[in-house]
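First residue of the sequence shown? That's 9 in the numbering used here, and the numbers climb one at a time after it.
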Amino acid sequence: MMSKSKANEEKVKQFRWSKPMERVLLEILADEATKGNKPLSTFKPSSIARVVDTINDRFDISCELDHVENHLKTFKSNWKTIQTLRGKSGFNWDDKLKMVIAGKKEFDEYVLVHPSHEKYLNKMIDMYDEMALVVGRDMATGSFAKQLGDIDATEVDSSPIDIGDDFDELMKGSKTSLSIVPSEKRSHKRRKCFDNDDKLATLSTNIGEMASAIKSLGQNNIDPSQVHYSRLYDEVMKMDGYDEVTLGSIFDHLVENEKIGKAFMVKNANLRNVWIDKFLSKGDDHQ
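Below is the structure:
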C-alpha cells in the first residue's frame with residue numbers, strides 16, 4: 009500500500025500547470041511581494057492561499073498549497089538558469105525586450121550542449137519582471153507596483169525603465185531600481201536597516217554587473233544593436249515562400265521601424281507569415 013507521503017508526491021506531479029495558470033500565480037505573488045508579504049524570501053501562507061483560491065475559482069480545477077509551492081521550485085530553477093545565461097560571456101542582455109541575445113555561432117554551440125536552455129535564448133522571457141519579484145531578489149519599485157495594480161486583469165503591463173548607454177544614466181538607473189514602495193505602515197527602523205544594508209549590497213552588486221558588462225563589450229568589441237539586427241536578418245531570411253529580394257525589403261522595413269521589428273522577433277512562424285502577407289498586400293507604399 010502506498011504511503012501518504014508517496015501519494016501526495018504523486019498527486020503534486022500529476023497536477024498540470026497551463027500558461028494562463030502560471031501567469032495568475034506570478035501576478036498574484038508579485039503583488040504580494042510589493043505588499044511586503046515575502047519576508048526572508050518566503051511567502052506568507054496567506055499569499056499562497058490566495059493563489060490557490062484564485063486558480064480554483066478561475067479555472068475550475070483542484071489546486072492545493074503543495075501544487076503552488078512545488079511549482080515555485082520550478083520557477084526558482086528556471087530563474088537561476090536565466091541569470092546564468094545573462095552573465096555568460098558572449099551573450100548580451102536586452103532589458104527592453106527582456107531577452108538574452110546570442111549570435112548564431114554562440115547559440116548553436118551552447119544549445120548543442122544545453123538543448124533545454126534554447127527557450128531562453130533570442131526569445132522574449134515572458135513575465136520576467138514578475139519572476140524577479142517572486143523568485144529573485146528584486147524589490148518592487150514604485151512604478152512597477154503601480155503597474156501590478158488590478159491583479160485580476162488579463163495581463164500586467166510591465167514597462168521597464170530604459171537606462172540607456174551613458175554611464176551617468178546607467179548609475180541613475182541603478183539608484184532608481186533601488187527605490188522602495190512607500191508605506192506609512194513600515195517602521196523607521198526597518199527603512200533605516202534596508203538603507204544601511206540591503207541598499208548598499210544591491211548597489212554593489214549592480215555596479216559589479218555593470219562593470220563586467222562594460223568590460224565584456226570592450227573586450228569583444230560587440231555592438232548590441234548589430235547583434236539584434238543580425239538576428240533579425242537571420243529570422244527574416246529563413247521565412248519560407250518568399251524570394252530573397254522581397255525578404256530583403258521586409259528586413260529594411262523592420263530595421264527602419266524598430267518597434268515593428270521587435271514585435272516581429274517575438275512572434276511565432278505563423279504570425280510572422282500573417283504579418284508579411286499583410287505587409288506585401290499594402291503594396292509599394294510601405295516599402
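For glycine and all other residues, C-beta sits at the position ideal for the given N, C-alpha and C.
Whole-angstrom C-beta distance between Ala57 and Val142, which should lie under 8 Å: Contact between Val142 and Ala57 does not hold, since the beta-carbon distance rounds to 16 Å and is not under 8 Å.
Work out the CA separation of His75 and Asn45 for me, nearest whole Å. Take the alpha-carbon of Asn45 and the one of His75: they are about 19 Å apart.
Spatial neighbours of Gly144 within its chain, please: C-beta separation below 7 Å, excluding the five flanking residues on both sides. Answer for Gly144: Trp87, listed in chain order.
Does the beta-carbon of Phe67 have 16 or more other beta-carbons within 10 angstroms, so that it is buried, or is it exposed? Result: exposed.
Outcome for Ile63 when other beta-carbon atoms lying within 10 angstroms are tallied against a minimum of 16: Classification of Ile63: buried, given that the 10 Å Cβ count is 16 or more.
Segments of 4+ residues assigned as alpha helix (DSSP H) that fall wholly inside the stretch 48 to 126: Unbroken alpha helix (DSSP H) runs of no fewer than 4 residues, entirely contained in the stretch 48 to 126, are found at 53 to 67, 73 to 94 and 112 to 121, following chain order.
Unbroken stretches of the beta strand (DSSP E), 3 residues or longer, contained in the stretch 17 to 46: If we require 3 residues or more, the stretch 17 to 46 turns out to have no beta strand (DSSP E) run fully inside it.
Return the first residue and the last residue of the alpha helix (DSSP H) that Ile258 is part of. Where Ile258 is concerned, the enclosing alpha helix (DSSP H) starts and stops at Glu252 to Glu264.
In terms of DSSP beta bridges, what is Leu129 paired with? Secondary-structure assignment with DSSP links Leu129 through a beta bridge to Val108.
Give me the Cβ distance between Thr89 and Tyr128, rounded to the nearest whole Å; I'm assuming they're in contact under 8 Å. Between Thr89 and Tyr128 the beta-carbon gap is near 6 Å, inside 8 Å, which marks them as a contact.
Give me the Cα-Cα distance between Val274 and Lys113, rounded to the nearest whole angstrom. Between the alpha carbons of Val274 and Lys113 lies a gap of roughly 20 Å.
Of the listed residues Val253, Phe99 and Arg31, nearest to His79 (C-alpha basis): Residue Arg31 is the option with its Cα nearest to His79.
Apart from the five residues on each side of it in sequence, which residues of its chain come closer than 6 Å, Cβ to Cβ, to Val244? For Val244, the CB contacts under 6 Å within the same chain, skipping 5 residues up- and downstream, are Leu255, Ile258 and Phe259 in chain order.
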